[in-house]
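Some notes on the structure that comes next.
Number of protein chains: 4
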Amino acid sequence: MYKGAAMKLDPVLSISHTPIRVRFCETDLMGIVHHANYLAYFEEGRVDWLRKRDLTYADWAHRGVHLPVVEAHTRYRSPLTFDDVVEIETRLSELRSHSMRYEYRAMKGGVLLAEASTRLACVDPKHQLQKIPADLVKQLVRGETAPVKKV
Amino acid sequence: MYKGAAMKLDPVLSISHTPIRVRFCETDLMGIVHHANYLAYFEEGRVDWLRKRDLTYADWAHRGVHLPVVEAHTRYRSPLTFDDVVEIETRLSELRSHSMRYEYRAMKGGVLLAEASTRLACVDPKHQLQKIPADLVKQLVRGETAPVKKV
Amino acid sequence: MYKGAAMKLDPVLSISHTPIRVRFCETDLMGIVHHANYLAYFEEGRVDWLRKRDLTYADWAHRGVHLPVVEAHTRYRSPLTFDDVVEIETRLSELRSHSMRYEYRAMKGGVLLAEASTRLACVDPKHQLQKIPADLVKQLVRGETAPVKKV
Amino acid sequence: MYKGAAMKLDPVLSISHTPIRVRFCETDLMGIVHHANYLAYFEEGRVDWLRKRDLTYADWAHRGVHLPVVEAHTRYRSPLTFDDVVEIETRLSELRSHSMRYEYRAMKGGVLLAEASTRLACVDPKHQLQKIPADLVKQLVRGETAPVKKV
Chain A
1 MYKGAAMKLD PVLSISHTPI RVRFCETDLM GIVHHANYLA YFEEGRVDWL RKRDLTYADW
61 AHRGVHLPVV EAHTRYRSPL TFDDVVEIET RLSELRSHSM RYEYRAMKGG VLLAEASTRL
121 ACVDPKHQLQ KIPADLVKQL VRGETAPVKK V
Chain B
1001 MYKGAAMKLD PVLSISHTPI RVRFCETDLM GIVHHANYLA YFEEGRVDWL RKRDLTYADW
1061 AHRGVHLPVV EAHTRYRSPL TFDDVVEIET RLSELRSHSM RYEYRAMKGG VLLAEASTRL
1121 ACVDPKHQLQ KIPADLVKQL VRGETAPVKK V
Chain C
2001 MYKGAAMKLD PVLSISHTPI RVRFCETDLM GIVHHANYLA YFEEGRVDWL RKRDLTYADW
2061 AHRGVHLPVV EAHTRYRSPL TFDDVVEIET RLSELRSHSM RYEYRAMKGG VLLAEASTRL
2121 ACVDPKHQLQ KIPADLVKQL VRGETAPVKK V
Chain D
3001 MYKGAAMKLD PVLSISHTPI RVRFCETDLM GIVHHANYLA YFEEGRVDWL RKRDLTYADW
3061 AHRGVHLPVV EAHTRYRSPL TFDDVVEIET RLSELRSHSM RYEYRAMKGG VLLAEASTRL
3121 ACVDPKHQLQ KIPADLVKQL VRGETAPVKK V
């Protein structure tokens, strides 16, 4: 999974931001967002990060390329509550031949609420490690494409 | 979906019971179980109901038979709270050529907390309606098989 | 819960629309959105409906007014898949002294994928039925307020 | 949060095991359990670990003692699929004056599928760090109490 050297990444091109509004059902009886839901937020950030580079899950899956999360690490600093709008900052922080790593920051009003990282392995439909295809690598490092109409 | 007459069902053979303990993450900021989670409980009840008749999702899927929920109706009477053990009573209440209906009661200490029903359509892998295969119908109506070792 | 006659509602003022993008974690092994997640979508629609009338959960809770879902009914017509943007049409369809009913339509590209309704009871912090306060009723029937800056 | 030295813990007394059956709704379109759900499994393991030492969330909350997760780390090795029975091994691995750390192993048929750790801070109802009360510490280190009737 750690095969090959890490590519050099442009820190500016590697970042995207995604606002997410906390749902009622994501809170727990402590009145705050349950910690497991942050992984859903970070995933939404990552999917949006890819979309902003014209990459979709369908593209990858169509070519037999899958990117399961093989490691996740989250530090929770301050709680999120219902109806908060949290901004997820998603950054590709490491790109290797067979895996990639994203880092995330959950911010509200400029305050850091949580930070996290996930490692994704590039596997084929039989869950065997494979190289990330070269053209996909290009799309991963080029930064956001022209902004598209927000839905 | 309502094709064909409903089969006559033996009310005793049609019932199974499944205890479920409420998870922390299933509560919301009102301090009670969020209403959407009941559908997960009823589904767990239904899966257990099938297992107790030697039917597994794998059996059905292997034969290209899928049973998506096409309708769900729940009445919430009294709240469930964290760590409660709720007993789900699952009953096959209607069996037709292309669909089936289950009814559920969520009980705690003999008190009815919620009641529900779901209709499931029998479809093929392309989401087209198909008849429920005859041998599966037999397994659906015969009642629980000998108890198996609890995990 | 059905106390009192239903108020007459203006159908135009009673509707709001909320776009929601399907998350990866909301799909199941059938490749489609799991049926329980629709209740989260409808809740998000309802919360947005209230926000567009300057009503927030915090307002209600602060006054000891809670609105638990006491009944939910969903018909699933066509599946939703990952990354779909579904438009939730939320409509207040019944307003009584102690309860209210919302109806929902989940649409994609003009196609109706699911329709649903939920009944909400107005209760105090001890889960006892209470009248919906008169000024809140006014806010419920007046329609959307001036559009606010989208986050 | 790391205040004070870590207590010496008896490795045998510090472990409990909890079997969990994977729910249909916990899978995703890749056909495997979505990675966020493991945090729910580990939480269920931890709640069960506490229950086996006669400790319940209600006990703690009643005394104004809360234990939010402040850090979580998971390594996913092999996927879990629908209907699998996964055994969660929960171990108290670090006990300090104001925080504790649990480690988890998700096993199936003797095979390690995932391993994880979570750090929990001891806070008061205002989310301020506080010492774990001495009598609760005693209950945390003494091992499982006599087995209770399984529900």
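Chains as they are written, first to last, in the numbering used here: chain A, 1 to 151; chain B, 1001 to 1151; chain C, 2001 to 2151; chain D, 3001 to 3151. Heads up, the beta-carbon is just placed ideally off N, CA and C, and yes, glycines get one too.
Mind checking which residues open and close the beta strand (DSSP E) that includes Val3070 (chain D)?
Val3069 to Tyr3076
Whose CA, out of C:Arg2063, C:Leu2112 and C:Asp2135, lies closest to the CA of Val2085 (chain C)?
C:Leu2112
Give me the Cβ distance between Thr145 (chain A) and Asp59 (chain A), rounded to the nearest whole Å; I'm assuming they're in contact under 8 Å.
That pair is no contact at about 13 Å.
Neighbour flag for Cys3025 (chain D) against chain C, beta carbons, 8 Å:
yes
Taking the DSSP output, what are the residues bridged to Ala3114 (chain D)?
D:Tyr3076 and D:Ala3106
Could you compute how far the alpha carbon of Asp1010 (chain B) sits from the alpha carbon of Asp124 (chain A)?
48 Å
Give the single residue among C:Ser2099, C:Leu2092, C:His2098 and C:Arg2096 whose Cα lies nearest to the Cα of Arg2105 (chain C).
C:Leu2092
Have a look at the DSSP bridge pairing and note the partners of Pro1011 (chain B).
According to DSSP, which records beta bridges pairwise, Pro1011 (chain B) is partnered with nothing at all.
Could you spell out the range, first to last residue, of the alpha helix (DSSP H) harbouring Leu3029 (chain D)?
Run containing Leu3029 (chain D): none; DSSP gives neither H nor E here.
Just reading off the beta strand (DSSP E) that Val3086 (chain D) is part of, what are its end residues?
Val3085 to Leu3095
Using DSSP bridges, identify the partner residues of Pro133 (chain A).
Paired residues: none, contrary to the question.
Which residues in chain C sit within 9 Å of Val47 (chain A), going by Cβ to Cβ distance?
Arg2021, Arg2023, Phe2024, Phe2082 and Asp2083
Contact with chain B by Tyr2104 (chain C), beta-carbon distance below 8 Å
no
Spatial neighbours of Phe3042 (chain D) in its chain, beta-carbon cut-off 6 Å, leaving aside the 5 residues before and after
Tyr3104 and Ala3116
Should Thr1090 (chain B) be flagged as near chain C, meaning a C-beta pair shorter than 8 Å?
no
Identify which residue in C:Ile2032, C:His2066, C:Thr2018 and C:Leu2120 has its Cα closest to the Cα of Asp2048 (chain C).
C:Thr2018
Relative to the C-alpha of Val2152 (chain C), which residue among C:Asp2028, C:Lys2126, C:Glu2026 and C:Lys2052 is closest?
Outside the displayed range of chain C (2001 to 2151) lies residue 2152 (chain C), so it cannot be described from this structure.
Between C:Val2137, C:Ile2032, C:Thr2074 and C:Glu2089, which has its C-alpha nearest Leu2095 (chain C)'s C-alpha?
C:Val2137
Where does the unbroken alpha helix (DSSP H) through Arg3051 (chain D) begin, and where does it stop?
Asn3037 to Arg3051
Beta-carbon proximity list for Thr2081 (chain C), same chain, < 8 Å, skipping 5 on both sides:
Val2022, Thr2027, Gly2031, Ile2032 and Val2033
State the start and end residues of the unbroken alpha helix (DSSP H) segment that holds Ala2061 (chain C).
Tyr2057 to His2062
Identify whether Val2141 (chain C) lies in helix, strand or coil by the three-state DSSP scheme.
helix
Quick one: Cα of Ser97 (chain A) to Cα of Ile88 (chain A), how far?
26 Å
Identity of the residues DSSP links to Arg3101 (chain D) by a beta bridge:
D:Glu3094 and D:Arg3119
Run down chain C in chain order and give the residues with a C-beta less than 8 Å from the C-beta of Arg1075 (chain B).
Val2070 and Glu2071
DSSP three-state label for Arg1021 (chain B), please.
strand
Can you name the residues of chain B whose CB is closer than 9 Å to the CB of Met2100 (chain C)?
Result: empty, since nearest Cβ-Cβ is about 15 Å, beyond 9 Å.
Whose C-alpha, out of B:Ala1036, B:Ser1016, B:Ala1061 and B:His1066, is nearest the C-alpha of Arg1119 (chain B)?
B:His1066
Contact with chain A by Ala3107 (chain D), beta-carbon distance below 8 Å
In the sequence as displayed, the identity of residue 3107 (chain D) is Met instead of Ala. Not closer than 8 Å to any Cβ of chain A, the Cβ of Met3107 (chain D) fails to qualify, so no.
Reference Arg1046 (chain B); option with closest CA among B:Ala1006, B:Leu1013, B:Thr1090 and B:Glu1071
B:Thr1090
Starting from the Cα of Pro1079 (chain B), find the closest Cα among B:Val1012, B:Lys1108, B:Gly1143 and B:Ser1014 and give me that residue.
B:Lys1108
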